[in-house]
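Numbering (our numbering), first residue to last: 17 to 141.
Where is the CB? At the ideal position from N, CA and C, for every residue including glycine.
I have placed the structure first, in the form of structure tokens, so that the comments after it can refer back to it.
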């Protein structure tokens, strides 16, 4: 199982990301961009896009600012568009599947972005 973890950087410390990696790593391989070692000059955008394309499960880490960044909105929409299994990791360490009552964000807003996701890939600052 390959997990792609999507998160708002400003809400998640490296320590918290490591906890998430350890938690998910019990059942598969985990991609968390800020925990990866990138070669100098590496195309980080391509690395993220490729990791997302290879994922079996997309994990969105629920936080205050999750839907405030272009990257997290794009990643979530792209995962839905590409029909990757989508789940949210809630603050209590439980999971919520996309579209269920427990899903923490407005489904209609996210679904509307998923329709046009491939053309809206953001760039790194």
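- In the pairwise beta carbon analysis, the region 80-90 is classified as not touching the region 37-47: fewer than three pairs are separated by under 8 Å.
- Here the alpha carbons of residue 82 and residue 112 stand approximately 15 Å from one another.
- Under the Cβ criterion (8 Å, minimum of three pairs), the region 42-49 does not count as touching the region 93-104.
- In the three-state reduction of the DSSP assignment, residue 94 falls in the helix class.
- Taking a cut-off of 8 Å on C-beta distances, the region 19-26 touches the region 67-80, as three or more cross pairs fall below it.
- Taking residue 114 as the centre and dropping the five residues before and after it, the same chain places the C-beta of 102 closer than 6 Å to its C-beta, in chain order.
- Runs of the beta strand (DSSP E) spanning 3 or more residues and lying entirely within the region 79-124 occur at 101-105, 111-113, in chain order.
- Per DSSP, the unbroken beta strand (DSSP E) holding residue 45 starts and ends at 45-47.
- Across the set 79, 41, 97, the C-alpha of 79 shows the shortest separation from the C-alpha of residue 29.
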